[in-house]
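The letter at position 160 of the sequence shown is residue 160 when you use the UniProt record's numbering, and the numbering goes up by one with no holes. Glycine included, C-beta positions come from ideal geometry on N, C-alpha and C. Notes for the one structure printed next.
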Amino acid sequence: MIVFERGTYRLFIRIVWISFVAFWALLLFYIFAVSVDLFGMFGPMPDLKTLENPKNELASEVYSADGILLGKYFVSNRSPIEYEDISPNLINALVATEDVRFERHSGIDFKGTFAIISSIITFDPRGSSTISQQLAKNLYKTRGEGSEGSLYSMRPLRLLIIKTKEWMTAIKIERSYTKREIITMYLNTVDFGSNAYGIKTASQTFFRKKPAELTIPESAVLVGLLKSTTAYNPKRNPDRAKIRRNTVMQQMVKYSYLTEIDYEKFKEQPIEKMIENYTVENHSKGLATYFRSVLQRELQRWCRENGYDIYRDGLKIYTTIDSRMQAHAEEAVAQWMKQLQVKFNTHWKGKNPWVDENRKEIANFIENAAKGTPHFRELQQAGIDADEIWQEMNKPVPMRIFSWQGEKDTVMSPMDSIRYYKRFLQTGLLSMVPATGEIKAWVGGLDFKYFQYDHVKQGRRQPGSSFKPIVYATALDNGYTPCYTVVDAPITFAEDVGGKPWTPNNSDGPPSGRQFTLRQAMGRSINTISAYLVKNLGPQKVVDYAKRLGITSPLEAVPSIALGTQDVSIYELLGVYSTFVNSGIWNEPKYITRIEDKNGNVIWEPVPRNVEVLSEETAYLMTYMLQGAVQERGGTAQGLHRYKIWKDYPEVGAKTGTTQNHSDGWFMGVMPNLATGIWIGGDDRSIHFRDRTGEGGKMSLPLWGMYMEKVVNDPQLDFKPGKFKKPATLSVSLDCSAYQITSATDSIKDKTYQAPSAKDLENEGFE
């Protein structure tokens, strides 16, 4: 037994007491210094306002009209959910593995404190943190650059300060939020790897499920990822992931969240089978990728003007796209373009398809194309010698390429890849409801991952004869009628572009000398009669009507406008056709219905723009004229008779379009409740068919037929036949047989429609 002298005992007690007081004083001062970031030594702490309004990078989501998530815009792919939407299996797995005393502590688990002290001593940044402390780290970036102080350069102090700040923040979090809210916030912020932030995205990425649907083994896989998103990634390291999953389930057994019997049943489940639906979400996958890309650019501009961030603010964008129609459109495009590409490859077998107007191969075509590629420009900017650049461009390298049989891994040079991709025919498809201007389907190309140019709105090409309805609408609105007769005779303009006289021929040769009604002429797409109308109306009047009807591309008032020689987009032209169906009222195309912030508040809604640009009668007469392409003998859209749709939906209007050398093939089809426009051609105008296979009626019409049959046969869409809206009275007769013909070699048939025979279709080149 130690015996202290009286003075020594008092001194000992005094030292102990002073040490005790000094320790607590220093501790309190340290806590105070950390909390106020004294002299900038410790780095900032979140204040009360920040705690109660935590900022998190949330992905903005794009939804279809039928409520399907089309895609996201994000830096961190994170979408929040509520506690009620989380499976209890996941919560049990998380608590059993990460913080078994979660319900009993107030942010700091003192039983785990010794592990934390050990981590500081050994410089191990992990230690033993509660869920609340991990949330503090995730939510307020306690280890990020913005939270650092001057003492962070000293490694032992750095870890001590970080842990202290996380302790203090965890206690504040526990005071501000309930346990359920903390669990929810944690699962919404944590990184699961594979570009999946938050449990909602992780569930979708790994299992294509909602968080509420997660099973015990699936929950264990996701909780296992929290230890290391790389080492335990079930796709990259399935064996390690299985071991980690089973460890999590053992923890669940240990703390009575799982029975031993169920554990034995679950532990042998193969990881590979569990993640067979694994898909990492990115901008080039999913439905409507081209539409989402166009939408993204417009939203970026809107966000800049209105103080939002499309990639971080968790906006919800609701669109007019119908996911079912979009899927039908993409399926039809893949189905038809695959077939057409086979025809094109056979057509050009053994030859290069880039030719000039004289059908001679264009010299240095691929070399000139290569100079415009990003890779070539990067090499130039790096100051590499021209010879070395071409050596690099011709050096074979491993690459993954697009094919209609699926993606392929191969080895080819950049030059060979340019040759390969230039041979692909491209397409654009757009569907719109004429009465509202709502866009229902948008396909801008073959595959956004490999071909990112949008051929719906971004691309502009010569429309050919699909522009002619604007000429005929101008005529009808200025006194002409569908039964007005014109002789198919040569029409010469004194000068066109270049100041030379211009006399257009028809696509099938010189003028026939026969007489046709305007309906027959438009249905057969007779060039001379379109030129006749432009000559009588004046090119400027046609341009004026085109602008009224929604064409925004530059147009010159020249005679050749009769044949659609000036570039427009599908987006513009479909608006014109929709105006005909919509009783002469032009609707601004609409594809966003509203934008909400992360809390569900509506922050933007479109203001409808609609203008009456044609009389109701003229618009109806145009729908009657458009039906001529399907109904009139020799009509360019008679290929639709191969499809069942024309039998069940008798009122279908259409117009084909083919440009010089078959560079572009168009098909514009309208029904009372839907208008759809299609373009097909090469990315370069010099790449095309050399025969009638390149006409709009052969190249684009089949795609329209395939797509529309999928739409009308979908019971979920409930697509019903209808009739074009007819005015109460018409000032003109549509019975062309009542009109006397004064000169013609071909009589006007009765308006009664007769379907073409198989021989007729064969003669027209339809297979």
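- Looking at the DSSP output, P398 sits in a beta bridge with V411.
- Boundaries cannot be given for I561, as no alpha helix (DSSP H) includes it and DSSP labels it neither H nor E.
- Taking 8 angstroms as the cut-off, the beta carbon of L287 is found closer than this to the beta carbon of L70.
- Contact between I384 and F376 is ruled out by a C-beta separation of about 10 angstroms, above the 8 angstroms threshold.
- If you ignore the 5 residues before and after R244, its C-beta comes within less than 6 angstroms of the C-beta of G224, Y232, all in its own chain and listed in chain order.
- Counting the other CB atoms within 10 Å of its CB gives V433 a total of 16 or more, which places it among the buried residues.
- The Cβ atoms of Q269 and P217 lie closer than 8 angstroms to each other.
- Under DSSP, L430 takes part in a beta bridge, and its partners are W442, G677.
- Secondary structure remark: continuous beta strand (DSSP E) runs of at least 3 residues inside the segment 570-649, in chain order: 585-587, 592-596, 602-604, 610-612.
- Where V62 is concerned, the enclosing beta strand (DSSP E) starts and stops at 60-63.
- Under the DSSP definition of a beta bridge, T485 partners with T517.
- By the neighbour-count definition (other C-beta atoms within 10 Å, threshold 16), K254 is an exposed residue.
- Taking C-beta separations shorter than 8 angstroms and ignoring five residues to either side along the sequence, the partners of P398 in its chain run D409, T410, V411, following chain order.
- With a cutoff of 8 angstroms on beta-carbon distance, I595 and I173 are scored as not near each other.
- Where V248 is concerned, the enclosing alpha helix (DSSP H) starts and stops at 238-254.
- Cβ-Cβ distances below 7 angstroms link N661 to E357, H688 in the same chain, with the five nearest sequence neighbours on each side left out; the list follows chain order.
- Between the segment 658-673 and the segment 453-466, the count of Cβ pairs shorter than 8 angstroms is three or higher; the stretches touch.
- In the DSSP secondary-structure assignment, M671 is bridged to L674.
- Boundaries of the alpha helix (DSSP H) harbouring L340: 323-347, taken from the DSSP string.
- With the rule of 3 Cβ pairs closer than 8 angstroms, the segment 499-509 does not count as touching the segment 580-599.
- Residue pairing from DSSP places G665 in a beta bridge opposite T658, I680.
- Here F580 has A619, M622, T623 as same chain residues with Cβ atoms under 6 angstroms from its own Cβ, once five neighbours each way along the sequence are excluded.
- For G406, the closest C-alpha among the options K457, K338, P414 is that of K338.
- Bounds of any beta strand (DSSP E) do not take in G107, whose DSSP letter is neither H nor E.
- For G71, the enclosing beta strand (DSSP E) has its first and last residue at 69-73.
- Contact fails between the segment 534-549 and the segment 434-452, because fewer than three Cβ pairs, one in each stretch, are under 8 angstroms apart.
- By the neighbour-count criterion, in which a residue is buried when 16 or more other Cβ atoms sit within 10 angstroms of its Cβ, I261 is exposed.
- In this structure, the alpha-carbon of K179 lies about 16 angstroms from that of S129.
- The DSSP-derived three-state label of D309 is coil.
- Here L94 carries a helix assignment [DSSP, helix/strand/coil].
- If you look at I317, you'll find it in the beta strand (DSSP E) that goes 316-319.
- Taking a contact to require three or more Cβ pairs closer than 8 angstroms, the segment 691-711 and the segment 635-651 qualify as touching.
- DSSP lists G682 as the bridge partner or partners of L425.
- Its chain contains P727, L730, S731 as the residues whose beta carbon lies nearer than 7 angstroms to that of E617, once the 5 sequence neighbours on both sides are disregarded; these appear in chain order.
- The Cβ atoms of Y649 and T676 do not sit closer than 8 angstroms to each other.
- Counted as a single uninterrupted DSSP element, the stretch harbouring Y453 is not any alpha helix (DSSP H), since DSSP gives it neither H nor E.
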